[in-house]
Structures are given as C-alpha cells and as structure tokens.
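Residue numbering for the sequence shown follows the UniProt record's numbering, beginning at 1 and increasing consecutively. Report on the structure given below.
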Amino acid sequence: MPKSKRNRPVTLSKTKKKGREHKESIVNSIRDAVEKYNSIYVFSFENMRNLKFKEFREQHKLTSRFFLGSNKVMQVSLGRSAADEIRPGLHKVSKLLCGDAGLFLTNLPREEVERLFNEYEEYDFARTGTTATETVELKEGPLEQFTHEMEPFLRKQGMPVRLNKGVIELVSDFVVSEEGKPLSPESARILRLLGTKTATFKLHLICRWSPEDFELYREDFLELHSARMTTEAPFRPREKLVEHQKYFQSIHKHTYLKGPLDKVTSVAIPIALAASSLFLIGRGIYNMSHGIGKKE
Numbered sequence: 001m002p003k004s005k006r007n008r009p010v011t012l013s014k015t016k017k018k019g020r021e022h023k024e025s026i027v028n029s030i031r032d033a034v035e036k037y038n039s040i041y042v043f044s045f046e047n048m049r050n051l052k053f054k055e056f057r058e059q060h061k062l063t064s065r066f067f068l069g070s071n072k073v074m075q076v077s078l079g080r081s082a083a084d085e086i087r088p089g090l091h092k093v094s095k096l097l098c099g100d101a102g103l104f105l106t107n108l109p110r111e112e113v114e115r116l117f118n119e120y121e122e123y124d125f126a127r128t129g130t131t132a133t134e135t136v137e138l139k140e141g142p143l144e145q146f147t148h149e150m151e152p153f154l155r156k157q158g159m160p161v162r163l164n165k166g167v168i169e170l171v172s173d174f175v176v177s178e179e180g181k182p183l184s185p186e187s188a189r190i191l192r193l194l195g196t197k198t199a200t201f202k203l204h205l206i207c208r209w210s211p212e213d214f215e216l217y218r219e220d221f222l223e224l225h226s227a228r229m230t231t232e233a234p235f236r237p238r239e240k241l242v243e244h245q246k247y248f249q250s251i252h253k254h255t256y257l258k259g260p261l262d263k264v265t266s267v268a269i270p271i272a273l274a275a276s277s278l279f280l281i282g283r284g285i286y287n288m289s290h291g292i293g294k295k296e
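This is the structure we're talking about:
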C-alpha cells in the first residue's frame with residue numbers, strides 16, 4: 001500500500017553512519033601499529049563476551065594492541081596480495097581474516113603469547129540460539145532455590161510447577177536443555193536462574209607473523225570456516241519481509257489503489273464486494289421461493 005510522504009516518523013535517537021573517514025582512520029591505526037610492534041597474530045573467538053574481552057585487553061594494554069571489526073578493512077590495511085602488502089608476507093595474514101577473527105599486535109615473546117591464549121577461559125551464561133554443551137534435567141520435587149513469588153514466572157517458561165505450602169514444587173521431571181540442540185529463550189532464562197554457566201568464552205590463535213617467519217597454528221581454519229558458512233544459512237530479515245509483502249499483495253491486489261484515498265478504498269471495496277455477493281444470494285433465494293425463472 002502506498003504511504004503518505006507527509007507522515008514520516010522521525011527518529012530522534014538516530015546516529016550518523018561511520019563513513020569513509022572512519023575506515024581510513026582504522027587503516028592508518030593498523031599500519032602504524034604494524035611498524036610499532038614486533039609480531040602480529042590472527043586469533044578467533046567463540047562465545048564472545050565484550051566485558052570479559054575488555055578486561056583481557058586492558059591487562060595487556062602496555063605491550064600489545066587488539067583490533068576487532070570489519071575484516072575487509074583490516075585486510076585492506078595489511079594488503080590483500082603480495083603486490084599491495086605493506087610488509088613482506090602480510091598478505092598471508094590478510095587471507096586468514098574471516099569470520100569471527102581479529103588482530104593481535106604485540107612485543108611479547110612467542111611463548112608468552114601462546115600461554116596467554118591457551119590458558120584463557122571465561123565461563124558465562126549461555127544465550128538464546130547457542131548450541132547446548134550439556135544436558136540439564138530437573139528432577140521431580142521441591143525447588144527450594146526459588147521463592148514462592150517466582151512460581152508464575154517459572155510457569156510461563158514452560159516448567160510444570162505448583163505451590164505446596166509456600167514451596168515451589170516440580171510436578172514431573174523437566175529437561176531444560178539437551179546437548180547438541182539450540183537453546184530456546186525459555187531455556188536460557190531458566191539456566192540463568194539456576195546459575196548454570198554452560199558457555200565458555202575462548203580465544204584461539206590462528207597464525208603468527210614476524211619479519212623473520214610466518215607460522216600457521218590451525219591449517220584447517222579456512223576449511224572449517226567455509227564449511228560453516230555453507231551449512232549455516234544466514235537469516236536475512238529483509239528478504240523475509242519482501243516475501244511477506246509479495247504474499248499479501250497477491251491476496252489483496254484487487255483492493256490496492258493508488259491515490260490519497262487508498263486507505264479508504266482498500267476497506268470499502270471488500271465491503272462492497274461482500275454486499276453485492278449477499279445481494280445476489282438473497283435474490284436467488286427469493287426467485288427460487290417464488291418460482292421466478294422456473295421453466296414450465
């Protein structure tokens with residue numbers, strides 16, 4: 001349906017888009033860091049937690065620098081091929097910047113960097129849509145960790161509970177999550193209430209570059225990334241919206257008119273069609289009852 005250009009909502013909280021100047025500043029920052037630090041690492045992450053990562057970054061602020069963001073911008077800053085790379089061998093690093101990856105530039109020795117990344121683990125509550133790493137099941141009986149005020153909320157999450165003398169009871173066994181299956185919003189909320197942290201924030205080293213040599217830690221990284229991209233179809237909300245619009249337009253294509261009175265006509269035409277149908281049905285019943293049009 002056409003929309004009036006006069007009645008356009010104005011978003012007061014809208015922010016300006018980051019344009020070319022912002023990208024150029026990132027490129028310059030990365031190139032300056034390449035000259036400042038001795039070695040460059042590409043790392044990947046799983047179950048990213050911004051606060052945890054910020055703490056880890058602050059701990060090594062004096063000797064290192066992290067870069068996360070657009071992989072294409074980071075590739076341009078290093079050089080995508082041997083012809084435009086800013087230092088010999090950096091195009092190999094650029095090819096590994098795909099998916100959930102980032103840059104780590106540091107003056108720390110190699111053994112220290114490998115130890116930091118291998119030992120780093122932070123546990124947190126799993127979020128909706130993530131794959132459950134373990135099966136969590138609650139047995140039938142009282143749930144003393146919850147107060148009686150939480151009974152309606154637990155019932156809304158799908159738990160078969162009831163109040164018995166002010167204590168929440170589980171009527172039957174309840175499976176909160178199953179290993180290998182994605183978590184629903186209700187399961188994620190229940191796990192948070194139980195205090196069960198099943199998500200692990202980890203950092204993995206992919207490769208290391210220095211002016212002397214280049215080392216690849218995970219040779220199957222690109223293969224795993226391409227396999228994951230082919231198996232996991234990305235969700236495109238705009239495509240879904242277009243599909244729904246085409247569907248409704250195909251149903252109501254006779255009720256859409258162009259002009260300032262389109263809203264009125266889109267309602268009036270179906271009413272007129274329904275009224276004419278009722279009139280024809282009524283006239284047919286009247287003719288049949290009075291024998292009008294009947295052959296002798």
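For each residue, glycine too, the CB sits at the ideal point set by N, CA and C.
Reduced DSSP category for residue i - H, G, I as helix; E, B as strand; rest coil
i	result
Leu193	helix
Asn118	helix
Ala82	coil
Asn164	strand
Lys258	Here Lys258 scores only 47 on pLDDT, less than 50, and its place in the model should not be relied on; the value that follows carries that caveat. In the structure shown, Lys258 sits in coil (DSSP, three-state: anything other than H, G, I, E or B).
Leu183	coil
Gly282	helix
Ser276	helix
Segment limits, alpha helix (DSSP H) that includes residue i
i	result
His22	20–36
Glu151	151–156
Ser94	90–95
Glu55	50–59
Extent of the continuous beta strand (DSSP E) run through residue i
i	result
Asn71	Careful: Asn71 lies outside any beta strand (DSSP E), inside the alpha helix (DSSP H) at 71–78.
Ser177	174–177
Thr106	101–106
Leu216	214–216
Those residues which DSSP pairs with residue i across a bridge
i	result
Asp124	Ala199
His204	Ser44
Gly129	Bridge partners of Gly129: none, in fact.
Arg65	Leu105
Glu169	Pro142, Arg162
Glu137	Val175
Ser39	Thr106
Any non-hydrogen atom of the ligand NAP closer than 7 Å to residue i Cβ
i	result
Leu51	Questions concerning the ligand NAP fall outside what the structure shown contains, since it holds no ligand whatsoever.
Proximity below 8 Å, CB of residue i to CB of residue j
i	j	result
Phe56	Gly102	no
Arg40	Val76	Residue identity differs from the one stated: residue 40 is Ile in this sequence, not Arg. Contact: no.
Leu105	Val167	no
Arg192	Arg110	no
Asp173	Glu140	yes
Arg189	Gln145	no
Asn107	Thr147	no
Leu163	Glu151	yes
Neighbour flag for residue i against chain D, beta carbons, 8 Å
i	result
Arg155	Checking the listed chains, one finds no chain D in this structure; it contains a single protein chain.
query: Would you call the region 116–129 and the region 66–75 in contact, with 3 or more CB pairs under 8 Å?
result: Verdict: no, contact absent.
task: Report yes or no: do the region 201–219 and the region 41–50 share at least 3 C-beta pairs separated by less than 8 Å?
output: The region 201–219 and the region 41–50 touch, with no fewer than 3 CB-CB distances between them shorter than 8 Å.
query: Would you call the region 131–141 and the region 164–182 in contact, with 3 or more CB pairs under 8 Å?
result: As far as the Cβ criterion goes, the region 131–141 touches the region 164–182, which means the pair count is three or higher.
task: Count the C-beta pairs between the region 80–88 and the region 3–13 that are closer than 8 Å, then say yes if the count reaches three, no if not.
output: Verdict: no, contact absent.
query: Are at least three pairs of beta-carbons, each pair with one atom in the region 202–209 and one in the region 158–167, less than 8 Å apart?
result: Segments in contact, no.
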